[in-house]
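Presented below is the structure to which this report refers.
Number of protein chains: 2
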Amino acid sequence: MLKLSRACALTFSLVCLLPAGLALADDEETERPDPKELDDDLLTVAQSLIERGQETGIAWDLLEGLVTEVGPRFAGTAGDRAAVSWALTELRELGFESIETEEVEVPRWVRGDIKVEITEPYPQDMVALALGGSPGTPDDGIQAPVVAAENVEALQDMDRSEVEGRIVFLSERMEATRDASGYAEVVPNRSAGPAVASEMGAVATVIRSVGSSDERVAHTGGTRFPDDVDPIPAAALPNPDADMLERQLDTGRTVKLDMHLTARELSPTTSANVIAEVPGRDPDAGVVLLGAHLDSWDITPGAHDDAAGVAIVTTAARLISELDRQPRRTLRVVLYANEEFGLSGAQTYAENRSDNLEEHFIALGADLGGDRVWRFDTVMNEDALATASAMFELIEPLGVEWGDNDGYGIPDFIPLREQGVPILDPVQDATRYFDIHHTINDTLDKVDPESLQQNVAIYAALAWLAANVEEDFRPTPVVADDADEEDEAEEEEEEEEENDEE
Amino acid sequence: MLKLSRACALTFSLVCLLPAGLALADDEETERPDPKELDDDLLTVAQSLIERGQETGIAWDLLEGLVTEVGPRFAGTAGDRAAVSWALTELRELGFESIETEEVEVPRWVRGDIKVEITEPYPQDMVALALGGSPGTPDDGIQAPVVAAENVEALQDMDRSEVEGRIVFLSERMEATRDASGYAEVVPNRSAGPAVASEMGAVATVIRSVGSSDERVAHTGGTRFPDDVDPIPAAALPNPDADMLERQLDTGRTVKLDMHLTARELSPTTSANVIAEVPGRDPDAGVVLLGAHLDSWDITPGAHDDAAGVAIVTTAARLISELDRQPRRTLRVVLYANEEFGLSGAQTYAENRSDNLEEHFIALGADLGGDRVWRFDTVMNEDALATASAMFELIEPLGVEWGDNDGYGIPDFIPLREQGVPILDPVQDATRYFDIHHTINDTLDKVDPESLQQNVAIYAALAWLAANVEEDFRPTPVVADDADEEDEAEEEEEEEEENDEE
């Protein structure tokens, strides 16, 4: 049987992705080292950026423009092309240099229409949303009884005979937390659940949305089937619909679903990373990368995910370009293509620079929405934390806590983080984020203008300091492979259990 | 030109309906008279009902049963028939007597499918929901530029040439208030707006939802076209979609919509009021009516609207039937058919008893959701308010304020109220109600079990006292025709203005 942790480690690498800022390991703050003394001039300018960030309207205008003039912009769609074109126009108007697109091959998945009904014992229409990557059902749908399991682990503990020929329902509820850990706990149900169910003979999967909203609005997101697993239709139910299904199951009677879904995959097409720079004085001093993703899921204007990130990093760079002095290092804004459905832009970006990833002095990304930054994590050499500590002193008054050096950055930084690129990681408050994220409700009104400004202030100050400090943030700690760790832990546990039994 | 207030008074009587508990006039509390002394035994039993009400699970079980086993139950649908059947079974199991159905002719409107897109200047799909009673569009849809007006009054002030051939967008936002007055202010946009737009030559209407939710979930409800007005397609947009439309209009460029809607009206069919009694000792002492409606809009399980009401009034009567003594008057539970789309059940009920409406000693209804009762209004002879004041003393500790004698009851009581039937009117807190009401989100999880119990306690105690007190609540004050009053006020105002001009 496929073990989830191994699956994540070996074949599911993409589906085990966690959102930006999400720490799987313990979230304890680590002791903050004494700050290194930074140049007064640098600090004065950084302070002015914090003030300017908190009053600028540039980020809001960018955010409003992207959601209003483009809206949904899923990889390979007309909206995706419109977003690239919008970004080029805006970057030009903001006075960036070296604006370019980098061609990216992207998969194309089409959601189609969905209809899910409970047909027995009490007929009810359900609200449902296909998971990204789900195949469609046959034309006449799938009619089958439901078998429930709380989550993937519980499913794996079941007997194949209980699952075969049935529609698996994974019922686990996600809890909203500031640090997004509630999402991390439940997201394997979405990413790996359908594949595990398929391996056990299920004909389809429905999951309780990996989202904290109590509205009848379902939460999409990618799922993935390894090459040797037959893809089966997979959809998310909003919390109230999952409750309804549970109540019908609680009667003890057979619950049957009728599921129709016309999702399908088309041939890949091309999209583009959009890249622009604020040139530094010293071409040999490396690049400070500011990253966010331009795409969104197909169903949503993606105001928080990730128009806010686009607005934050672009504005941070713009504020620095407005200064009366040039940063030492070049700031490079990268608006990645297709983060949502496979990190295509991030992979292409890293592949095209594989012989020179060291040029990245450090990276800052924004992909956890536009609510206030509350924590400052890092990924850098321990010796450099004294410099990070000095940076932190500037942003602390904006309500930020010192975090740890086990930061994450954004999903688009995974290929860079694996290759040792250091990361500054301001972490947004995710308490509300998973009410909104990957749903139709990710609209402009959900973003608070002042929170967006707080983000801009922090990113601008950090980017400015990163572009000028004397420090070597390398080598970074070895990236822990959480899945491997889990495996090892599990194996140890199993061994212990065996010992106990002996 | 059609004047809105006159339209409401003359031809739109149904569409001007306000939800239960909604006072159009001033909401000031009136001075509470000294309470009349009631029989100690009566009060002791009433107090025991308050305690029993706050611990019973009967109401929750009824609520859960209706939304789970039946779900949506719009007039004339299979769900409607299932609801009648469910109610008969439950009333029988609860031990009610004289359980009967009363045949009611109901209209049948079918929502069909809807697709609304902004096609210019920035193409975006909209979430939209047809208003009840809307006709469909032609098969190839309606494509037209949008003209915005804040509300019906502002629309009426426009020149016909500005409206003709366009899609009217009524943009007014509703404010959530505890007393539902925010709904009352905006609801004419839904009930009368499309007809007014049609009279001015518009080809369709979209309105900002008459709801306070910031989710992309639209709020339905009835609209009505007088016989001499051509019906035009009418739909509601969720608040975020209305915001999007406003932002595109704010660019100053022409905004065009493409609207497809397959709504249609079928021939009338039959449904039923479900009526059950707890018999009183004295057949000549009249009946205490406990009312709620069994139907819901087609898109929603209607947990608050009005499964909660059904659960509250049924349980209140049930608790009284469990007592070791019989009430003097008969309690009659009436679960009305088709409140939502034209008050069919209420009209049939009143028509069938037109020669004996005096048998209704007093009426209590529940149709403003299951949140806590916060106010106690009445409709009765002023002299009887001392008795109401004594009733109030019992429920005041549950967080209830003394209201006024300009109560409303529930929409299903309109035909009774017009004929002088007195009303006891516990008013639920409506702060959250219009986030949920008439949307897909009106689900079980939105009802708080303790609030439901507070309702049961209050309704049971009031019904018990009403069924036993020595009092004559008649004659009730003359029902003010708000629209007529408004007309008169307007006419006076106009006269004054004319005088000013002279």
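Sequences listed follow chains B and P, in order.
Per the numbering used here, residue 150 is the first one in the first sequence, and the count goes up by one each step.
Per the numbering used here, residue 150 is the first one in the second sequence, and the count goes up by one each step.
We put the CB at the ideal spot given by N, CA and C, even for glycine.
Please read all numbers here as calculations on a predicted model, not as lab measurements.
Look at the Cβ atom of residue i, then the Cβ atom of residue j, and state whether they are nearer than 8 Å.
| i | j | result |
| --- | --- | --- |
| leucine 280 of chain P | alanine 346 of chain P | no |
| alanine 441 of chain B | valine 423 of chain B | no |
| glycine 556 of chain B | aspartate 574 of chain B | yes |
| isoleucine 544 of chain B | leucine 611 of chain B | yes |
| glycine 228 of chain P | valine 219 of chain P | yes |
| leucine 614 of chain B | alanine 208 of chain B | no |
| asparagine 617 of chain B | proline 476 of chain B | yes |
| threonine 179 of chain P | proline 270 of chain P | no |
| phenylalanine 510 of chain B | alanine 434 of chain B | yes |
| glycine 491 of chain P | phenylalanine 562 of chain P | no |
| proline 323 of chain P | valine 312 of chain P | According to the sequence as given, residue 323 of chain P is methionine; it is not proline. No, Cβ-Cβ distance for methionine 323 of chain P and valine 312 of chain P is not below 8 Å. |
| leucine 319 of chain B | asparagine 300 of chain B | yes |
| glutamine 577 of chain P | aspartate 520 of chain P | yes |
| leucine 304 of chain B | alanine 457 of chain B | no |
| alanine 465 of chain P | alanine 236 of chain P | no |
| glutamate 266 of chain B | leucine 472 of chain B | no |
| glutamate 488 of chain P | proline 184 of chain P | no |
Residue i by DSSP, collapsed to three states: which one?
| i | result |
| --- | --- |
| arginine 365 of chain B | coil |
| alanine 579 of chain P | coil |
| histidine 453 of chain B | helix |
| methionine 529 of chain P | coil |
| aspartate 594 of chain P | helix |
| valine 549 of chain P | coil |
| asparagine 554 of chain P | coil |
| aspartate 392 of chain B | helix |
| threonine 419 of chain P | strand |
| phenylalanine 318 of chain P | strand |
| threonine 479 of chain P | strand |
| aspartate 621 of chain P | coil |
| alanine 384 of chain B | strand |
| threonine 354 of chain P | strand |
| alanine 174 of chain B | Bear in mind that the predicted position of alanine 174 of chain B carries a pLDDT of just 45, short of 50, making it unreliable; the figure below should be weighed with that in mind. Coil at alanine 174 of chain B, not helix or strand. |
| arginine 201 of chain P | helix |
| isoleucine 448 of chain P | coil |
| glycine 429 of chain P | coil |
| glutamate 572 of chain B | The sequence given here places isoleucine at residue 572 of chain B; glutamate does not occur at that position. In this structure, isoleucine 572 of chain B counts as strand in the three-state DSSP scheme. |
| valine 296 of chain B | strand |
| methionine 540 of chain P | helix |
| glutamate 180 of chain P | coil |
| leucine 611 of chain P | helix |
| valine 378 of chain B | coil |
| glycine 282 of chain P | coil |
For this session: Say whether the stretch 409-424 of chain B touches the stretch 253-260 of chain B, bearing in mind that this needs 3 or more beta-carbon pairs closer than 8 Å, one atom from each stretch.
Result: A contact exists between the stretch 409-424 of chain B and the stretch 253-260 of chain B.
Exercise. Mind listing which residues of the stretch 346-373 of chain B have their C-beta closer than 9 Å to chain P's C-betas, in chain order?
Worked result: The stretch 346-373 of chain B vs chain P, Cβ under 9 Å: Ser362, Asp363, Glu364, Arg365, Val366.
Exercise. What are the start and end residues of each continuous alpha helix (DSSP H) run of 4 or more residues lying completely inside the stretch 204-257 of chain P, in chain order?
Worked result: DSSP runs (the alpha helix (DSSP H)) wholly in the stretch 204-257 of chain P: 207-214, 227-242.
Problem set entry | the stretch 375-392 of chain B touching the stretch 240-249 of chain B, judged by at least three CB pairs closer than 8 Å | Segments in contact, no.
Exercise. Listed from N- to C-terminal order along the chain, which residues in the stretch 268-287 of chain P have their beta-carbon within a distance smaller than 9 Å of any beta-carbon of chain B?
Worked result: Against chain B - using a Cβ distance shorter than 9 Å - the residues of the stretch 268-287 of chain P are Pro270, Tyr271, Pro272, Gln273, Asp274, Val276.
Exercise. At a cut of 8 Å, does the stretch 557-570 of chain P reach the stretch 359-370 of chain B through at least three beta carbon pairs?
Worked result: With a cut-off of 8 Å on Cβ pairs, the stretch 557-570 of chain P is not in contact with the stretch 359-370 of chain B, counting fewer than three such pairs.
Exercise. Using a Cβ cut-off of 8 Å, which residues of the stretch 589-602 of chain P contact any Cβ in chain B, in chain order?
Worked result: Legend: CB atoms of the stretch 589-602 of chain P lying less than 8 Å from CB atoms of chain B belong to residues Ile589, Asn590, Thr592, Leu593, Asp594, Lys595.
Problem set entry | Contact list for the stretch 395-410 of chain B against chain P, Cβ threshold 8 Å | For the stretch 395-410 of chain B, the beta-carbon criterion of a distance under 8 Å to any beta-carbon of chain P is satisfied by Arg396, Gln397.
Exercise. Residues in the stretch 209-227 of chain B with C-beta within 9 Å of chain P's C-beta atoms, listed in sequence order?
Worked result: If the cut-off is 9 Å between Cβ atoms, the stretch 209-227 of chain B has Glu213, Val216, Thr217, Glu218, Val219, Gly220, Pro221, Ala227 near chain P.
Exercise. Using 8 Å as the Cβ pair cut-off and three pairs as the minimum, do the stretch 265-280 of chain P and the stretch 417-432 of chain P touch?
Worked result: With fewer than three CB-CB distances shorter than 8 Å, the stretch 265-280 of chain P does not count as touching the stretch 417-432 of chain P.
Problem set entry | chain B contacts made by the stretch 374-389 of chain P, where a contact means CB separation under 8 Å | For the stretch 374-389 of chain P, the residues whose beta carbon sits under 8 Å from a beta carbon of chain B are, in order, Asn388, Pro389.
Exercise. Along the chain, which unbroken stretches of the alpha helix (DSSP H) at least 4 residues long are found entirely within the stretch 477-521 of chain P?
Worked result: Entirely contained in the stretch 477-521 of chain P, the alpha helix (DSSP H) runs reaching 4 residues are, in chain order, 493-501.
For this session: Would you list, in chain order, the members of the stretch 450-467 of chain P that have their beta-carbon closer than 7 Å to a beta-carbon of chain B?
Result: Going along the stretch 450-467 of chain P in chain order, one finds no residue with a Cβ nearer than 7 Å to chain B.
For this session: Check whether the stretch 578-594 of chain P touches the stretch 320-332 of chain P, counting contact only when three or more Cβ pairs, one atom from each stretch, lie closer than 8 Å.
Result: Under the Cβ criterion (8 Å, minimum of three pairs), the stretch 578-594 of chain P counts as touching the stretch 320-332 of chain P.
Exercise. When you check each C-beta in the stretch 508-526 of chain B against every C-beta of chain P, which residues fall closer than 7 Å?
Worked result: Going along the stretch 508-526 of chain B in chain order, one finds no residue with a Cβ nearer than 7 Å to chain P.
Exercise. Contact between the stretch 438-457 of chain P and the stretch 482-498 of chain P: three or more CB pairs below 8 Å?
Worked result: Three or more Cβ pairs drawn from the stretch 438-457 of chain P and the stretch 482-498 of chain P lie within less than 8 Å of each other, which places the two stretches in contact.
For this session: With 9 Å as the C-beta to C-beta threshold (strictly closer), list the residues of the stretch 526-553 of chain P near chain B in chain order.
Result: Against chain B - using a Cβ distance shorter than 9 Å - the stretch 526-553 of chain P contributes no residues.
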